[in-house]
Structures are given as structure tokens and as C-alpha cells.
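Colleague:
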Amino acid sequence: QQTCTIKEVTYETIQLPNCTGHGDTVYTYPVALSCECGLCHTDSTDCGSPTFGSTDCPTK
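Below, the structure is given as C-alpha cells:
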């Protein structure tokens, strides 16, 4: 089966709205910039179950 692996990642940070007075209101999360698709190697990867639909690697 095909699998897509993230090649490049960046991190974006946002200020959570309406959270004043509730501790840290800044949230940082990863965003995939590119990926690489190919056969899943079960000897080194948990490939999960097959999925149906597109095998395209969406990028930002």
C-alpha cells in the first residue's frame, strides 16, 4: 500500500482567542510543507490499514 511521509515541516504559532486569564494562550503546531509518497515498508513502519480514496500528498 502507498504511504505519505512528511519531508519538510514548519511551525506556526497562534494566539488563542477568548482565553485571557487561563494560562498560556499561545499555541504552536506543525504544518507540513511537503511530503513523499511511496510503498509502505512493513519491516520498519506501522502501515495501518488500507484507506480508500486519493493517495495524493496535499501540501500547503
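Throughout, the numbering used here is defined as the position within the sequence shown, counted from one, plus 12.
C-beta atoms are modelled at their ideal positions from N, C-alpha and C, and glycine is treated no differently.
Give the straight-line distance between the Cα atoms of C31 and E24, rounded to the nearest whole angstrom.
Modeller: When rounded, the distance between both Cα atoms is 18 Å.
Colleague: Return helix, strand or coil for P42, following the three-state DSSP convention.
Modeller: Three-state result, P42: strand.
Colleague: Distance, Cα to Cα, H34 vs Q27?
Modeller: If you take the alpha carbons of H34 and Q27, they lie about 12 Å apart.
Colleague: So, are the CB atoms of C49 and Q14 less than 8 Å apart?
Modeller: yes
Colleague: Could you name the residues of the same chain whose beta carbon sits closer than 7 Å to that of K19, not counting the 5 residues immediately before and after it, in chain order?
Modeller: S46, C47 and E48
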